[in-house]
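Asks:
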Amino acid sequence: MTVKSSPTPVVELTGITKRFPGVVANDRVDLRVAEGEIHAVVGENGAGKSTLMKILYGMQSADEGRMQVNGSEVRFSSPAEAIDAGIGMVHQHFMLADNLTVLENVVLGAEPTRRGTIDRRSAHRDLEELGRSYGLDLHPDDLVETLEVGERQRVEIIKVLYRGARVLILDEPTAVLVPQEVEELFRNLRELKSQGHTIIFIDHKLAEVLAIADTITVLRQGRTVTTVDSSEVTAQELAELMVGSELPAPSTEPRASDEHVMLSMQGLSVADADGRSAVDAVNLDVHRGEIVGVAGVEGNGQGELIEAVLGLRPTSGGDLLLDGESMAGWPVRRRREAGIGYVPEDRHRRGLLPDAPLWENAMLGHQTQPPYARGPWLNRSGAREATTRIVSSFDVRTPGIDTSARALSGGNQQKLVIGREMQAGPRMLVAAHPTRGIDVGAQAAVWENLRTARRDGLAVLLVSADLEELIGLADRLVVMLRGRIVAELDPATTTPRLLGGHMTGAAGEATDDEGRTP
Amino acid sequence: MTLRRIALALAAPVCAFAISIALSSLVLLAVGTSPLEAWLEMLSYGSRLETLVETGNRATQLYLAGIAVAIGFRMNLFNIGVEGQYVLAAMLAAAAGGAVDLPPILHVTLIMVVAMAVGSSFAGVAGYLKVSRGVHEVISTIMLNAVALGLTGFLLRSWLLDEADTTLNMMTPEIPPSGRFPNLNGVVEGLSREITRGRELWGFLLVAILVGVLFHLFLSRTRAGYDLRATGLNPFAAEASGVHPSSTVVRAMLLSGAVAGLIGLPEILGDAHKYDLNFTQGLGFAGIAVALIGRNHAVGVGIAALLFGWLDSAAPILDVVGDTPREIVSILQGVVVLSAVVAFEVVSRIRRATEARDAAEATLPTVAATDGSPS
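Pasting the structure below:
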């Protein structure tokens, strides 16, 4: 593995730093992309890939650092400026108008005009020319709503080329594609490369990266780990680079679990909107007094799994048992009342009423039970007392319990959410990324709360992308990949190589990774 | 803290009203009439007891309309169909009241129940379409307004006309005295002087107040009300907390429609005793404005209803005296709504900013916080 340095970088980012409240998304990141290469940027979710690309594309501005394009220093304050400098981006979520044709979508915002009207004829000509020269097969007059996903992506690529981009950024372009479409995309990318375009390719699927990229830059926790030549690295080595060489110390606490199974998933399957299996026949038990950590690159079914347990998403197969009792057909409320606590992945979306006072937020999810309710009535004084207890025992820093949840910092909001779930005395806690986006102090407090609850016999299903959290808290670790549980590991003995390998699928591919060279 | 809250809460409507007066004055100046004269004229006519009685009557109806709309608004449901719901409900309730003869209290109760049931079930159609077919309630309720008005005319002409009537006034049979609501003239006259010109203060005012109290209690004191509010504030969080999204939508629509059904009753029970061509329409749309100005709050909606009621009652004087067109009052009402929406947004931004600052300060003094927490 040698660090690659090219003499003529077309894009050079040096010391890019970007801070958001409570987190540093990019911490002195360096990226050098040579002209005419396919350069992959890899890293786990939250490693800072997307932020870096948004900075390069002018969607966000860096707090520190320098950007050079073709050797001259630049500073973009909008994507329009990046496009003028020859940089275009294809977003993961397509930005196309369904009710317009391919042609109209491509020229939208950059319409060629003749005497004040859109010059359709010349646009038509240009588009066919572009399609022919890059082998991008598209019919200009097709309605976008009739196109397949892969075709829509091609429209996005042509859109960028039409605006004269020489450098194309593709944000996880394969995430939405089926295997044949991936091959088609790769053919297109090689064609673009052969005509001198430079491609920056964001991904975390290692087999794909190795198949297409010339150079690979690895990011981890907002920092550049290294830049390597793709011919000099294996999937296993990449996985290790992504995950990190040192794992945090595992929990040293004695096991508190007994043989009593609190939550049991038996062949649980969940279908996504397209009818594909987001969760595929998962078998998993969570015992009393046990924290089961679910590791995995995001988007591999963890979110769907949790929503299925809560009853927010219908299951398509299998069974869910709480304390031995099947929850089939139970609405969300019944599950909550039966003692399932929930710390959602996105507290703003699923966990809080931002404009309501804290005491009304404290009862959310427990509004049918004492001390928050008395029969069909709310118990306002009981709720206020309970909230005061939560605020003091979980150290929620707030001027008072009448303050709106919106006013609090992320860490304090999260402490409130954790506090209200713990205070209700659940039998089973489902927690997703419980410390995401909060400061270190609040993180430590949340971890301590989870440990205490576990000691008292709480069963916890913990989904997280934070390895320190998983290894530091979990009694058992399972890895999810493409909706299945692909490995069960002991946090005390696992290695980064093992974990990274399972998370990215490299462990399975290690045996048959000859397909990585094109 | 609390004082500042109250001051902020009052600032928005007061500013909105001041801006509206200023803007409408400009309009009056532009057409070449004296705004001062017009406002003074309205003030002197508007402060007479008879106009105030009118104001109370109009406000009663506007308040019910405002509450009906506010129930939907509180969970981000836009029941634009209050208009159709109340007209259809009033007509059917009047027809039902005229068709039977019952003991006094029972008779009035029957009319009210019919009105609420009709309004409720008609609004329920929109709720059902939303949860089962995904039809946005704004679209369906607007369409259903046309259906309701057409249905009202059709049912009235086909089956419910008063056979004995010879005036071609297209009316339902008159409701017998047992189905009428007593007025409050006695109370008012006891406090001031005799009300002239045959004006009556409708007793249904008390029902409107009761509806307001129940509305407030429901939202702030009951679990179902909390579920409804939570859905309005954040439907995703509400769902995760165990609120069933579609049944809450249907329930809110039914409730909104039930209150909407009452809007026409003050007039039917207190004055007309029948549904005819003179029946007041347009209150459902006015209710949207009243709910917006009143911030969907029981007291706020009341103040807004009184304001609009007074403007409606005092406006006719402009036709009689001076050369100010009375339409200026409609302009004024429109501007009040617009500036109120803007003013409330400004105030809520200020409130959020100050709250965020207070919360940030609360996190700073670590010493104080550790002192305050039990060790």
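Chains as they are written, first to last, in our numbering: chain A, 1 to 518; chain B, 1001 to 1375.
Just so it is clear, CB atoms sit at the ideal spot from N, CA and C, and this is done for glycine as well.
In terms of DSSP beta bridges, what is A/GLU12 paired with?
Replies: Here the question's residue 12 of chain A lines up with position 12 in the first sequence. Bridge partners of A/GLU12: A/ARG32, A/GLN68.
Asks: Helix, strand or coil for A/GLN423 per DSSP?
Replies: As a working note, residue 423 of chain A is residue 423 in the first sequence. Of the three classes helix, strand and coil, the one that applies to A/GLN423 here is helix, per DSSP.
Asks: For B/ALA1360, tell me which candidate among A/ALA407, A/LEU477, A/LEU108 has the shortest Cα-Cα distance.
Replies: Along the second sequence, one-based indexing puts residue 1360 of chain B at 360. Nearest of A/ALA407, A/LEU477, A/LEU108 to B/ALA1360, Cα basis: A/ALA407.
Asks: Here's the rule I'm using: 16 or more other beta-carbon atoms within 10 Å means buried, otherwise exposed. How should A/ALA328 be labelled?
Replies: For the purposes of this step, residue 328 of chain A is taken as residue 328 along the first sequence, with counting starting at 1. Per the 10 Å Cβ criterion, exposed.
Asks: For A/ARG163, which residues of its own chain have a beta-carbon under 8 Å away from its beta-carbon, when the five flanking residues on both sides are left out?
Replies: Position 163 of the first sequence, counted from the start, is the residue given in the question as residue 163 of chain A. Taken in chain order, the residues that qualify are ILE83, GLY88, ALA110.
Asks: Straight-line CA distance for A/GLN68 to A/LEU168?
Replies: Here residue 68 of chain A refers to the residue found at position 68 when the first sequence is read from its first residue. Here residue 168 of chain A refers to the residue found at position 168 when the first sequence is read from its first residue. Those two C-alpha atoms are separated by around 16 Å.
Asks: Please list, in chain order, all residues of the same chain as A/ASP513 whose beta carbon is under 6 Å from its beta carbon, the five residues on each side excluded.
Replies: Locating residue 513 of chain A in the first sequence gives position 513, where the first residue counts as 1. Low confidence applies to A/ASP513: its pLDDT is 39, below 50, so where it sits in the model is not reliable, and the reading given next is rough at best. The residues are ALA235.
Asks: Classify B/LEU1003 as buried or exposed, calling it buried when 16 or more other Cβ atoms lie within 10 Å of its own Cβ.
Replies: Position 3 of the second sequence holds residue 1003 of chain B. So B/LEU1003 counts as exposed.
Asks: Could you name each continuous beta strand (DSSP E) segment of 3 residues or more that falls completely within the stretch 458–492 of chain A, going from the start of the chain to the end?
Replies: Correct list: 459–463, 476–481, 484–489.
Asks: Cβ closer than 9 Å: which chain B residues qualify as neighbours of A/ARG333?
Replies: In the first sequence, counting from the first residue as 1, residue 333 of chain A sits at position 333. Result: SER1241, GLY1242, VAL1243, HIS1244.
Asks: Express the C-alpha separation of A/SER194 and A/SER133 in angstroms, rounding to a whole number.
Replies: Counting from one through the first sequence, the residue named residue 133 of chain A turns up at place 133. Counting from one through the first sequence, the residue named residue 194 of chain A turns up at place 194. C-alpha separation (whole angstroms): 11 Å.
Asks: Under 9 Å, Cβ to Cβ, is there at least one residue of chain A near B/ALA1362?
Replies: Here the question's residue 1362 of chain B lines up with position 362 in the second sequence. So yes, B/ALA1362 belongs to the interface.
Asks: Examine chain B for any beta-carbon lying closer than 9 Å to the beta-carbon of A/ARG19, and answer yes or no.
Replies: The residue labelled residue 19 of chain A in the question sits at position 19 within the first sequence. Answer no: the Cβ-Cβ gap between A/ARG19 and chain B never drops below 9 Å.
Asks: Does DSSP put B/SER1256 in a helix, a strand or coil?
Replies: Taking the second sequence and counting its residues from 1, the one referred to as residue 1256 of chain B is at position 256. Helix at B/SER1256.
Asks: Can you check which of these residues, A/VAL446, A/ASP323, A/ARG166, is closest to A/VAL286 by C-alpha distance?
Replies: The residue given as residue 286 of chain A occupies position 286 in the first sequence. Nearest of A/VAL446, A/ASP323, A/ARG166 to A/VAL286, Cα basis: A/ASP323.
Asks: Helix, strand or coil, according to DSSP, for B/MET1091 in the structure here?
Replies: Residue 1091 of chain B sits at position 91 when you count from the first residue of the second sequence. If DSSP states are grouped into helix, strand and coil, B/MET1091 belongs with the helices.
Asks: Below 8 Å, how does it come out for the stretch 1167–1180 of chain B and the stretch 1271–1289 of chain B: are there three or more Cβ pairs, yes or no?
Replies: With a cut-off of 8 Å, the stretch 1271–1289 of chain B and the stretch 1167–1180 of chain B count as touching, because enough Cβ pairs lie within range.
Asks: Applying a beta-carbon distance threshold of less than 9 Å, which residues of chain B neighbour A/ALA362?
Replies: Translated into the one-based positions of the first sequence, residue 362 of chain A becomes position 362. Correct list: empty, because the minimum Cβ distance to chain B is about 11 Å.
Asks: Between the stretch 181–197 of chain A and chain B, which residues of the former have a C-beta closer than 7 Å to a C-beta of the latter?
Replies: Here the close residues number zero.
Asks: On the premise that A/MET265 lies in contact with A/VAL282, defined as a C-beta separation below 8 Å, what is that separation, rounded to the nearest angstrom?
Replies: Along the first sequence, one-based indexing puts residue 282 of chain A at 282. Along the first sequence, one-based indexing puts residue 265 of chain A at 265. Indeed, because the Cβ distance is near 5 Å, the residues count as touching under 8 Å.
Asks: Give me the Cα-Cα distance between B/LEU1254 and B/GLY1127, rounded to the nearest whole angstrom.
Replies: What you label residue 1254 of chain B is simply residue 254 of the second sequence in a count that begins at 1. What you label residue 1127 of chain B is simply residue 127 of the second sequence in a count that begins at 1. Distance between the alpha carbons of B/LEU1254 and B/GLY1127: 8 Å.
Asks: Less than 9 Å between the C-beta atoms of B/MET1075 and B/THR1248, yes or no?
Replies: Counting from 1 along the second sequence, the entry for residue 1075 of chain B is found at position 75. Counting from 1 along the second sequence, the entry for residue 1248 of chain B is found at position 248. Against a cut-off of 9 Å, the Cβ pair of B/THR1248 and B/MET1075 comes out as a contact.
Asks: Considering just the uninterrupted stretch of the beta strand (DSSP E) at B/ILE1105, what are its terminal residues?
Replies: One-based indexing of the second sequence puts residue 1105 of chain B at position 105. Counting along the chain, B/ILE1105 falls outside any beta strand (DSSP E), though it belongs to the alpha helix (DSSP H) covering 1104–1133.
Asks: Would you say A/VAL102 and A/VAL144 are within 9 Å of each other, going by their C-beta atoms?
Replies: Position 102 of the first sequence holds residue 102 of chain A. Position 144 of the first sequence holds residue 144 of chain A. Yes, these two residues count as a Cβ contact at 9 Å.
Asks: With a CB to CB cut of under 7 Å and the five nearest residues on each side skipped, what residues in its chain are close to B/SER1246?
Replies: The residue given as residue 1246 of chain B occupies position 246 in the second sequence. Counting only Cβ-Cβ distances below 7 Å, and skipping sequence neighbours, we find VAL1131.
Asks: In whole angstroms, what separates the C-alpha of B/PHE1073 from that of B/ILE1080?
Replies: If you number the second sequence from 1, residue 1073 of chain B lands on position 73. If you number the second sequence from 1, residue 1080 of chain B lands on position 80. In a straight line, the C-alpha of B/PHE1073 is about 10 Å away from that of B/ILE1080.
Asks: Mapping DSSP to helix, strand and coil, what is A/ASP280?
Replies: Sequence index remark: in the first sequence, residue 280 of chain A carries index 280 (1-based). Of the three classes helix, strand and coil, the one that applies to A/ASP280 here is strand, per DSSP.
Asks: Who are the near neighbours of B/ALA1260 in its chain, counting only those whose CB is closer than 6 Å to its CB and skipping five residues on each side?
Replies: Within the second sequence, residue 1260 of chain B is the residue found at index 260, counting from 1. Counting only Cβ-Cβ distances below 6 Å, and skipping sequence neighbours, we find ALA1068, VAL1082, GLN1085, TYR1086, GLY1119.
Asks: Which of helix, strand or coil does DSSP assign to A/THR504?
Replies: Taking the first residue of the first sequence as 1, we reach residue 504 of chain A at position 504. A/THR504: helix per DSSP, three-state reduction.
Asks: I'd like the list of long-range same chain contacts for A/GLY457, defined as Cβ closer than 6 Å, with 5 residues on each side in sequence excluded.
Replies: For this step, residue 457 of chain A is matched to residue 457 along the first sequence. These residues qualify, in order along the chain: ARG288, GLY289.
Asks: Skipping 5 residues on each side, what residues in its chain have a beta carbon closer than 8 Å to that of A/ASP141?
Replies: Reading the first sequence from its first residue, position 141 is the one you call residue 141 of chain A. Excluding sequence neighbours, A/ASP141 sits near THR101, VAL102, LEU103.
Asks: So with Cβ pairs under 9 Å, would you call A/THR2 a contact of chain B?
Replies: Taking the first sequence and counting its residues from 1, the one referred to as residue 2 of chain A is at position 2. No answer about A/THR2 holds up, because its pLDDT of 44 lies below 50 and its placement is not dependable.
Asks: For A/VAL446, is the classification buried or exposed, using 16 other Cβ atoms within 10 angstroms of its Cβ as the cut-off for buried?
Replies: The sequence position of residue 446 of chain A within the first sequence is 446, counting from 1. Label assigned to A/VAL446: buried.
Asks: Let me know the alpha helix (DSSP H) ranges lying completely inside the stretch 154–240 of chain A, each 4 residues or longer, listed in chain order.
Replies: Here the runs fully enclosed are 179–194, 206–212.
Asks: Does any residue of chain B have a CB that is nearer than 9 Å to the CB of A/ARG350?
Replies: In the first sequence, counting from the first residue as 1, residue 350 of chain A sits at position 350. Chain B, which has a Cβ nearer than 9 Å to the Cβ of A/ARG350, makes this yes.
Asks: Helix, strand or coil for A/THR146, going by three-state DSSP, please let me know.
Replies: For the purposes of this step, residue 146 of chain A is identified with residue 146 of the first sequence, where counting begins at 1. Three-state DSSP puts A/THR146 in a helix.
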